[in-house]
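With full-length UniProt numbering, letter number 30 in the sequence shown gets 30, and the count goes up by one each step, no holes. Down below is the structure, laid out as structure tokens.
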Amino acid sequence: MARQDTQVAVRIPPELHKQLKEKASKEERSMNYLINKAVKLLLNQESAKA
């Protein structure tokens, strides 16, 4: 079964990448998981303000 997710290339500063990689390792999660979680949180906060 094919995945339905859309791939997006994102540019981030090296320091942010390093921090993200370290956090993912500590939480035993992927960087992709953390990025998706952060985007969802941001969108939920923005929609709550509206």
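For each residue, glycine too, the CB sits at the ideal point set by N, CA and C.
I35: first and last residue of the uninterrupted alpha helix (DSSP H) it sits in: The residue given as residue 35 occupies position 35 in the sequence shown. 31-49 is the extent of the alpha helix (DSSP H) around I35.
Beta-carbon separation of K40 and M31 under 8 Å? On the sequence shown, position 40 is the one that residue 40 refers to. On the sequence shown, position 31 is the one that residue 31 refers to. Against a cut-off of 8 Å, the Cβ pair of M31 and K40 comes out as no contact.
Where Q19 sits in the DSSP three-state scheme: Numbered from 1 along the sequence shown, position 19 holds the residue referred to as residue 19. Helix, per DSSP.
So for P14, helix, strand or coil by DSSP? As a first step, residue 14 must be located in the sequence shown, where it is residue number 14. In the structure shown, P14 falls within a helical segment according to DSSP collapsed to helix, strand and coil.
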